[in-house]
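Asks: Top line first, the protein sequences correspond to chains R and W. Just so we're aligned, residue 1 is where the first sequence starts under full-length UniProt numbering, counting upward by one. Just so we're aligned, residue 1 is where the second sequence starts under full-length UniProt numbering, counting upward by one. Don't be surprised by glycine CBs; every beta carbon is placed ideally from N, CA and C.
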Amino acid sequence: MGGDSRYEIAQDAYVKLILHALKHKASAVNGVLLGRVFSQNDVVEITDSVPLFHSHIGLLPPLEISLLLIEEHYAAKGINIVGYFHANERYDDYELGGAAKNIGDHIYRYFPQAVVLLLDNKKLEALPKSRDRSPVMQLYTRDASKNWKPAGSDGSSQLNIREPSANVVLLDYISTEKWKDVVDFDDHLDDISKDWLNPELFK
Amino acid sequence: MVSKTEETQLSNLENQVDNGGGGAWEFLCLVRKLKVRRSEKVLKHGLSILRDPKNRSSLGPDEWTLYEQVAIAAMDCQCLNVAKDCIKVLHKKFPESKRVGRLEALLLEANGSWEEAEKAYSSLLEDNPLDQAIHKRRVAMARAQGNMSAAIEFLNKYLETFMADHDAWRELAEIYVSLQMYKQAAFCYEELILSQPMVPQYHLAYADVLYTLGGLENLQTAKKYYASTIDLTGGKNTRALFGICLCSSAIGQLSKGRNKDDKESPELQSLAATALEREYKQIAPDKLSLLSTALKSLKVSA
């Protein structure tokens, strides 16, 4: 599994995760990726994302509750959990930590083409100048020896953003400090009136 | 740690100042009092006071506290020139001050000059080996450089002397959790609960860690601490209510096939579930059916 899979992420799903990371600059954050497989060309489409936590990542109870509720909500639409997003606490930390790997493993058990996306801080910072269209995330897939390996530049396992101008939109949102409006599961558990679906975020 | 009322008070003040309704000084004082991290706002509003000579002089001796507060906020926002200027002013006013010396070392940290900062802190410690703030900066520096084992070592050593420092125990617990060292994290929360048994957040965190550790005994203890959290918060803690349900479900799974002595009474779980449904019905009704289905899937066949 893994190998030459292609992954496509929708703009909203992509931007939401990065805004979440920017909202909580001083801590690690994570999120869950939702989508489905297109059997015709074996592309995994990441159609949505839910930002999860910005504190105590690695504690099970909030994670279990969130996955339960999220799965339930999206199953009704024929969409399931296809991956995991993680942003490390430190700017220069490019390692996929234990907690991230464990959560990735758990998702892999239910979806063998699962991916883990790790935020690339340097790429994100360089975006205004680089005008790069590729996602500012590193893609990881599980290899035969059950390790999460970063997708190489050799073209195997690629991640594309569905809308080519997503990074432009992202930069625009950053300049208007849109991250303030992002709600994650931590926020919801602290105040259930806050909606982790973020229905109004991109309206 | 900030209570919900304090958080609301802070947000209200923040909005008021942001929208030009005044109260900047009150906001800055509250931020200092609650020890929260609102560096962008502190920088913005603090600077606007400092740049106006009339406002500045009306502060009296508090002017210097504001310079310090703004300097630190500036460093957090990577506006190092602003920080430098503030520190210069303070240095001029208090030339021999250790407190200013600490700020100067902090500026070295902000620049990423770790070795020089370390030297500065060491020399400050020579004159005052019991300076808690400096000890903590060393932990922070280790953490910032990703040297978690050093951070843990420093923190443990610090806590041998300053064992009543709750913030330090909490920081250590957080570091342990981030490294998935749950047993060690549990120990920290035990210390916190021992010294401050009426603080619900510690009960909740302890329960979360125990649940993560797993195993029947830990789950049963976790359930007790979720219950005590509910007790201490008058039933208003959503996380604890969910925790009860999770524990009951997990305990049920582990107890399958065991004799009836180990079976838990289902009352606590159904009480928690009812409380959750009531809460959601009132505050987040569009999520109620999701909740009900999730709770159903957690109920182990009795």
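Pairs of beta-carbons, one from the region 39-50 of chain R and one from the region 75-84 of chain R, closer than 8 Å: are there three or more?
Replies: Segments in contact, yes.
Asks: Terminal residues of the continuous alpha helix (DSSP H) containing residue 133(R)?
Replies: Stepping through the first sequence from its first residue, residue 133(R) is reached at position 133. Neither: residue 133(R) is in no alpha helix (DSSP H) and is coded neither H nor E.
Asks: Whose Cβ in chain R lies nearer than 8 Å to the Cβ of residue 321(W)?
Replies: Since the first residue shown for chain W is 1 and the last is 302, residue 321(W) is missing from the structure and cannot be characterised.
Asks: I want to see whether chain R comes within less than 8 Å of residue 110(W), judged by CB atoms only; does it?
Replies: Position 110 of the second sequence, counted from the start, is the residue given in the question as residue 110(W). No, residue 110(W) does not count as interfacial toward chain R.
Asks: Let's see if you can read the secondary structure: which residues bound the beta strand (DSSP E) around residue 145(W)?
Replies: On the second sequence, position 145 is the one that residue 145(W) refers to. Counting along the chain, residue 145(W) falls outside any beta strand (DSSP E), and DSSP gives it neither H nor E.
Asks: In its own chain, which residues sit with a C-beta less than 6 Å from the C-beta of residue 3(R), not counting the 5 before and 5 after it?
Replies: If you number the first sequence from 1, residue 3(R) lands on position 3. Its pLDDT being 49, under 50, residue 3(R) is placed unreliably in this model, and the coordinates cannot settle the point.
Asks: Check whether the Cβ of residue 206(W) sits closer than 7 Å to any heavy atom of the ligand ZN, and report yes or no.
Replies: The ligand ZN is not among the ligands present in this structure, which contains no ligands whatsoever.
Asks: Determine the contact status of residue 56(R) and residue 177(W), defining contact as a CB-CB distance below 8 Å.
Replies: Numbered from 1 along the first sequence, position 56 holds the residue referred to as residue 56(R). Numbered from 1 along the second sequence, position 177 holds the residue referred to as residue 177(W). Yes, Cβ-Cβ distance for residue 56(R) and residue 177(W) is below 8 Å.
Asks: Give the interface partners of residue 208(W) over in chain R, defined as CB-CB distance under 8 Å, in chain order.
Replies: Counting from one through the second sequence, the residue named residue 208(W) turns up at place 208. Chain R residues near residue 208(W): 56, 59, 60, 61 and 62.
Asks: Using three-state DSSP, classify residue 86(R) as helix, strand or coil.
Replies: Start at 1 with the first residue of the first sequence, and residue 86(R) comes out as number 86. Here residue 86(R) sits in strand by DSSP.
Asks: Just to make sure I have the definition right: I need the residues of chain B whose C-beta is within less than 8 Å of the C-beta of residue 99(R). Which are they?
Replies: Among the chains of the structure shown, chain B does not appear; the protein chains present are R and W.
Asks: Can you look up residue 47(R) in the DSSP assignment and give me helix, strand or coil?
Replies: In the first sequence, residue 47(R) corresponds to position 47, counting from 1. Residue 47(R): strand per DSSP, three-state reduction.
Asks: State yes or no: is the beta carbon of residue 262(W) nearer than 8 Å to at least one beta carbon in chain R?
Replies: Against the second sequence, residue 262(W) aligns to sequence position 262. In this prediction, residue 262(W) scores a pLDDT of 49, lower than 50, which makes its location untrustworthy; the coordinate-derived value is nonetheless stated afterwards. Closer than 8 Å: no.
Asks: Just to confirm before moving on: does the CB-CB distance between residue 162(R) and residue 11(R) stay below 8 Å?
Replies: In the first sequence, residue 162(R) corresponds to position 162, counting from 1. In the first sequence, residue 11(R) corresponds to position 11, counting from 1. Cβ atoms of residue 162(R) and residue 11(R): closer than 8 Å.
Asks: Using a Cβ-Cβ cut-off of 8 Å, state whether residue 26(R) counts as contacting chain W.
Replies: To locate residue 26(R), count along the first sequence from 1; it is residue 26. Closer than 8 Å: yes.
Asks: Hey, is residue 267(W)'s beta-carbon within less than 8 Å of any beta-carbon in chain R?
Replies: By one-based count along the second sequence, residue 267(W) stands at place 267. It does not: the Cβ of residue 267(W) has no partner Cβ on chain R nearer than 8 Å.
Asks: Among 99(R), 76(R), 139(R) and 143(R), which one has its Cα closest to the Cα of residue 112(R)?
Replies: Here residue 112(R) refers to the residue found at position 112 when the first sequence is read from its first residue. The residue with the shortest Cα to Cα distance from residue 112(R) is 143(R).
Asks: With respect to the beta strand (DSSP E) encompassing residue 8(R), which residues constitute its N-terminal and C-terminal limits?
Replies: Here residue 8(R) corresponds to residue number 8 of the first sequence, with the count starting at 1. Where residue 8(R) is concerned, the enclosing beta strand (DSSP E) stretches over 6-9.
Asks: Taking the continuous alpha helix (DSSP H) assigned at residue 253(W), which residues delimit it?
Replies: To locate residue 253(W), count along the second sequence from 1; it is residue 253. Residue 253(W) -> alpha helix (DSSP H) spans 238-255.
Asks: Using the C-alpha atoms, what's the distance from residue 23(R) back to residue 165(R)?
Replies: For the purposes of this step, residue 165(R) is taken as the residue at position 165 of the first sequence. For the purposes of this step, residue 23(R) is taken as the residue at position 23 of the first sequence. Going from the Cα of residue 165(R) to the Cα of residue 23(R) covers about 22 Å.
Asks: Between the alpha carbons of residue 138(W) and residue 130(W), how many angstroms are there, rounded?
Replies: Mapped onto the second sequence, residue 138(W) falls at position 138. Mapped onto the second sequence, residue 130(W) falls at position 130. Cα to Cα, residue 138(W) sits roughly 13 Å from residue 130(W).
Asks: Once you ignore the five residues that flank residue 216(W) on each side, which residues in its own chain have a CB closer than 6 Å to its CB?
Replies: Locating residue 216(W) in the second sequence gives position 216, counting from the first residue. Cβ within range, chain order: 254.
Asks: Is residue 233(W) helix, strand or coil by DSSP?
Replies: Here residue 233(W) is taken as the residue at index 233 of the second sequence, counted from 1. Note: residue 233(W) maps to coil in three-state DSSP.
Asks: I'd like to check one pair, residue 107(W) with residue 75(W): are the Cβ atoms closer than 8 Å?
Replies: Numbered from 1 along the second sequence, position 75 holds the residue referred to as residue 75(W). Numbered from 1 along the second sequence, position 107 holds the residue referred to as residue 107(W). Yes.
Asks: Could you name the residues of the same chain whose beta carbon sits closer than 6 Å to that of residue 103(R), not counting the 5 residues immediately before and after it, in chain order?
Replies: Numbered from 1 along the first sequence, position 103 holds the residue referred to as residue 103(R). Closer than 6 Å at the Cβ level, and outside the excluded window around residue 103(R), lie 84.
Asks: Could you say which of 175(W), 135(W), 229(W) and 187(W) lies nearest to residue 147(W) if we only look at CA atoms?
Replies: For this step, residue 147(W) is matched to residue 147 along the second sequence. Measuring from the Cα of residue 147(W), the nearest candidate turns out to be 175(W).
Asks: Could you pull out every residue in the same chain whose Cβ sits closer than 7 Å to the Cβ of residue 15(R), ignoring the five residues on either side in sequence?
Replies: Your numbering for residue 15(R) matches position 15 in the first sequence. For residue 15(R), where only same-chain residues beyond five positions count, the Cβ hits under 7 Å are 166, 169, 170 and 173.
Asks: On the three-state DSSP scale, how would you describe residue 298(W)?
Replies: In the second sequence, the residue the question calls residue 298(W) occupies position 298. DSSP places residue 298(W) in helix when its eight states are reduced to three.
Asks: In whole angstroms, give me the CA-to-CA distance for residue 15(W) and residue 24(W).
Replies: As a position in the second sequence, residue 15(W) is number 15, starting the count at 1. As a position in the second sequence, residue 24(W) is number 24, starting the count at 1. The alpha-carbon atoms of residue 15(W) and residue 24(W) are separated by roughly 10 Å.
Asks: Determine which residues share a DSSP beta bridge with residue 149(R) and list them.
Replies: Here residue 149(R) is taken as the residue at index 149 of the first sequence, counted from 1. Paired residue(s): 141(R).
Asks: Along the region 65-92 of chain R, what residues have a CB closer than 7 Å to any CB found in chain W?
Replies: Within the region 65-92 of chain R, the residues whose Cβ lies closer than 7 Å to some Cβ of chain W are 65, 68, 69, 72, 73 and 90, listed in chain order.
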